[in-house]
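Below: the structure, in structure tokens.
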Amino acid sequence: EALRTQNIEFEIIPGVTAACAAAAGTKISLTCRNIARSLHIITGHGADGGLPNHDFCALTKSGGTLAIYMGGDTLPGLAAHFIESGMEPSMPALLIENASLPDERHLFATIASLPSLHASQPAPGPVLILVGDALRGTRATGTAHHLASSVAF
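Residues 39 to 191, numbered by the numbering used here, are exactly what the sequence shown covers, in order.
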């Protein structure tokens, strides 16, 4: 939009979204038959930089995998809203910094413990957060990336 308003020519090159790249890089399925039948790609912050105006109850009840873009700064509030909306505090969560890049980093935790883990191991790069039952029983198996933390689900 900013480029259009300034009459700057640009080209959009098709690529792979960070959620799919992160899932492929960690060998984690975003959906899993009879466990998570949907994927919800949402923003992690509003236009003002604060929490987004999501229907946290509907997202929690969907039973799908959540891919939260740009949610590093609002992670404590996001986690609190999901838990207040009925999400189990033990729900698996994975924070991916710099998805698909050589310095990709992963933090495995639960939705309740991820904010404190992230605070103790800050991620200065772009962050994607995956949350959902599809992550249960999995562990990142990518060999080219540093696994900063690991929790068995």
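Even for Gly, the Cβ is constructed at its ideal location relative to N, Cα and C.
It should be emphasised that the depicted structure is a prediction, and the values quoted were computed from it without experimental measurement.
Query	Result
Residue nearest to M129 in terms of C-alpha spacing, selected from I51, A74 and N91	A74
Given 8 Å, three or more beta-carbon pairs between the stretch 103-122 and the stretch 153-167	yes
Where V54 falls, given that 16 or more other Cβ within 10 Å makes a residue buried	exposed
Segments assigned alpha helix (DSSP H), at least 4 residues, entirely inside the stretch 42-115	56-64 and 94-100
Per DSSP, the bridge partner or partners of A131	A147 and V169
First and last residue of the uninterrupted alpha helix (DSSP H) at L155	L152 to S158
Counted within 10 angstroms of its Cβ, other Cβ atoms place E135 as buried (16 or more) or exposed	buried
Contact check, F120 vs I79, beta carbons under 8 Å	no
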